[in-house]
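Student:
Protein chains in written order, with our numbering: chain Y, 413 to 665; chain W, 413 to 665.
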């Protein structure tokens with residue numbers, strides 16, 4: 413059975429720990445955090461340490477810490493023939509500075525500590541330097557998820573940008589919609605079925621095929637009426653995205 | 413029982429017709445379209461006409477046609493004591509130029525002709541000039557949906573802008589993400605669980621509370637790395653939304 417140590421107890425680390433504890437296909441040997449206090453929630457269920465020198469021998473070491481800290485932290489891992497992976501969407505595989513084998517184990521989902529997640533449907537993007545390590549990493553990923561992808565550092569960086577558009581920026585669009593609703597005493601919940609339908613359609617349709625709205629149909633009258641109701645940055649955002657939709661579909665303002 | 417005539421066989425009209433035909437709480441008396449050919453799919457199940465003079469007497473006339481055509485078309489409806497409503501998100505109740513009672517029956521969802529919809533969960537925004545008409549319209553709306561809202565023309569215009577942000581612009585964010593994936597041979601399906609999770613979270617969380625990403629955590633290193641990977645309008649959109657997120661959360665680039 414594959415043995416694993418998780419290093420870091422942030423959002424990603426916490427969800428990985430609880431997922432590994434639930435499966436009997438992987439042995440979670442140990443959990444590391446530099447803060448002793450962060451280890452308290454896990455002490456009952458797994459061996460913990462805040463000392464790098466006390467790390468056990470495992471097949472895979474999963475580093476789930478801030479991007480900026482990966483290089484310095486991994487350089488302290490002296491195991492020669494062990495696989496060390498990070499979980500970052502933006503950091504290259506070369507951010508790892510450990511002696512031994514290197515890889516990436518990037519679960520693409522938005523995590524918050526409080527909300528439980530079902531890893532089964534979370535895509536895990538894998539990268540290794542050596543073929544043999546990829547087999548090991550795939551086996552590990554398959555033990556918790558049904559969606560495994562091989563994505564190299566070059567692709568992963570772009571995938572992270574795509575994730576910013578389709579998650580972070582989408583959420584900000586919801587925020588702007590929510591602001592408008594609040595200002596005019598409209599319950600935001602009116603928009604929820606539309607929001608859900610829009611997201612669900614994407615699993616069966618290409619976004620270009622299902623684009624609707626005033627910009628898509630070149631409805632300048634409605635566009636101008638909307639612009640008159642907006643000001644500041646929401647207005648700028650409305651203008652820029654509208655222009656971009658018009659351009660995509662071959663029309664100009 | 414309330415009797416209804418639907419005028420128009422576009423996306424909204426078509427879905428209303430098939431929904432009214434399915435319920436036994438409403439009598440769909442007739443369907444009107446100015447194009448005879450558009451009526452063919454309905455002829456088997458309901459009386460149809462392409463002639464305004466042949467319209468029957470009904471309790472409610474639901475106009476589901478292009479915004480620009482509402483004024484001219486409704487001016488030809490000469491029934492004195494009947495309620496005529498339009499289904500537009502942007503047009504004011506005053507766009508109606510019929511002799512009798514006026515109202516709005518705006519189902520807020522993104523419709524495509526081919527995809528069946530369950531009206532039960534579609535919010536319907538209602539407006540009338542007279543209280544008695546509102547009772548009638550509420551009864552009609554309740555016969556097909558469980559989400560009924562009273563929204564006046566002033567609010568509805570703003571709600572429509574909010575819908576553009578949370579549906580049309582969100583779909584365009586998906587499109588930009590899809591472009592990046594295509595360019596670097598990354599399967600777009602990797603992003604689908606993230607997209608769905610982001611949309612689902614909104615039903616239980618305020619968008620401000622769940623904003624994540626490089627702009628939210630003022631991670632200028634990642635922001636700059638992302639900007640270097642983008643060009644043209646996607647880059648401008650990334651910049652503007654990032655600035656706006658930073659401003660919202662009290663940080664400056």
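The beta-carbon is built from N, C-alpha and C at its ideal position, and this holds for glycine as well. Since the model is a prediction, treat every value here as computed from it, not as a measurement.
Quick one: what does DSSP say residue 453 (chain W) is sitting in, helix, strand or coil?
Tutor: helix
Student: If I measure Cβ to Cβ from residue 664 (chain W) and keep anything under 7 Å in the same chain, skipping five residues before and after, which residues do I get?
Tutor: Residue placement at residue 664 (chain W) is poorly supported in this model, since its pLDDT is 49, which falls under 50; the coordinates still yield a value, given next. Excluding sequence neighbours, residue 664 (chain W) sits near 658.
Student: With C-beta atoms as the reference, is residue 650 (chain Y) less than 8 Å away from residue 567 (chain W)?
Tutor: no
Student: Going along chain Y, which residues have a C-beta under 9 Å from residue 643 (chain W)?
Tutor: Those within 9 Å of residue 643 (chain W) in chain Y number zero; the least Cβ separation is about 12 Å.
Student: Could you name the residues of the same chain whose beta carbon sits closer than 8 Å to that of residue 591 (chain W), not counting the 5 residues immediately before and after it, in chain order?
Tutor: 646
Student: Are there 16 or more other CB atoms within 10 angstroms of the CB of residue 530 (chain Y), so buried, or fewer, so exposed?
Tutor: exposed
Student: Among Y:421, Y:479, Y:619 and Y:439, whose alpha-carbon lies nearest the alpha-carbon of residue 451 (chain Y)?
Tutor: Its Cα nearest to that of residue 451 (chain Y), the residue Y:421 stands out among Y:421, Y:479, Y:619 and Y:439.
Student: Could you tell me which whole alpha helix (DSSP H) segments of length 4 or greater appear in the stretch 445-532 of chain W?
Tutor: 448-451 and 482-486
Student: Would you kindly check if the distance between the Cβ of residue 482 (chain W) and the Cβ of residue 502 (chain W) is under 8 Å?
Tutor: Here residue 502 (chain W) is not near residue 482 (chain W), since their CB atoms are 8 Å or more apart.
Student: Could you spell out where the alpha helix (DSSP H) holding residue 586 (chain Y) opens and where it closes?
Tutor: 582-595
Student: Quick check: what's the CA-CA separation for residue 585 (chain Y) versus residue 441 (chain Y)?
Tutor: Looking at the two C-alpha atoms, the distance is approximately 42 Å.
Student: Given that a residue counts as buried once 16 or more other Cβ atoms are within 10 Å of its Cβ, and exposed if not, what is residue 621 (chain W)?
Tutor: Per the 10 Å Cβ criterion, exposed.
Student: Alpha helix (DSSP H) containing residue 419 (chain Y): first to last residue?
Tutor: It is not in any alpha helix (DSSP H) - residue 419 (chain Y) instead sits in the beta strand (DSSP E) that spans 414-419.
Student: Can the beta-carbon of residue 580 (chain W) be found closer than 8 Å to that of residue 625 (chain Y)?
Tutor: yes
Student: Can you have a look at residue 464 (chain W) and say buried or exposed, based on whether 16 or more other CB atoms are within 10 angstroms of its CB?
Tutor: exposed
Student: Straight-line CA distance for residue 598 (chain W) to residue 563 (chain Y)?
Tutor: 8 Å
Student: Below 6 Å CB to CB, which residues in the same chain sit around residue 437 (chain W) once its five sequence neighbours on both sides are set aside?
Tutor: 555
Student: According to DSSP, is residue 642 (chain Y) part of a helix, a strand, or is it coil?
Tutor: Here residue 642 (chain Y) sits in coil by DSSP.
Student: Does the pairing of the stretch 509-524 of chain Y with the stretch 538-558 of chain Y give three or more beta-carbon distances under 8 Å?
Tutor: Verdict: yes, contact present.
Student: Find the residues of chain W that neighbour residue 623 (chain Y), judging by a C-beta separation of less than 8 Å, and give them in chain order.
Tutor: 580, 583, 584 and 587
Student: Along the chain, where does the alpha helix (DSSP H) containing residue 549 (chain W) start, and where does it finish?
Tutor: Residues 543-554.
Student: Just checking my contact of residue 603 (chain Y) with residue 553 (chain W) at CB under 8 Å: how many whole Å lie between their CB atoms?
Tutor: Wrong, their Cβ atoms sit about 18 Å apart, outside the cutoff.
Student: Quick one: which chain Y residues come within Cβ less than 7 Å of residue 609 (chain W)?
Tutor: 521 and 522
Student: Can you tell me which of the three DSSP states residue 661 (chain W) falls into?
Tutor: coil
Student: Locate the alpha helix (DSSP H) running through residue 609 (chain Y), then write down its first and last residues.
Tutor: First-last of the alpha helix (DSSP H) with residue 609 (chain Y): 604-613.
Student: Please name the residue in Y:560, Y:582 and Y:635 whose C-alpha comes closest to that of residue 601 (chain W).
Tutor: Y:560
Student: Along the chain, where does the alpha helix (DSSP H) containing residue 426 (chain W) start, and where does it finish?
Tutor: 423-434
Student: Run through chain W and tell me which residues come within less than 9 Å of residue 556 (chain Y), C-beta to C-beta.
Tutor: Under the 9 Å cutoff, chain W gives no residues; its nearest Cβ is about 14 Å from residue 556 (chain Y).
Student: Taking DSSP as the reference, what is the three-state secondary structure of residue 442 (chain Y)?
Tutor: The answer is strand: DSSP assigns residue 442 (chain Y) an E or B state.
Student: 8 Å is my cut-off, CB to CB: does residue 495 (chain W) come that close to chain Y?
Tutor: no
Student: Does DSSP put residue 558 (chain Y) in a helix, a strand or coil?
Tutor: coil
Student: With a threshold of 8 Å between beta-carbons, can residue 538 (chain Y) be considered close to chain W, or not?
Tutor: no
Student: Can the beta-carbon of residue 458 (chain W) be found less than 8 Å from the beta-carbon of residue 497 (chain W)?
Tutor: Taking a C-beta distance under 8 Å as the contact criterion, residue 458 (chain W) and residue 497 (chain W) do not qualify as a contact pair.
Student: Residues in the same chain with beta-carbon distance under 6 Å from residue 491 (chain W), minus the five sequence neighbours each way, listed in chain order, please.
Tutor: 512
Student: For residue 653 (chain W), does the three-state DSSP call read helix, strand or coil?
Tutor: helix
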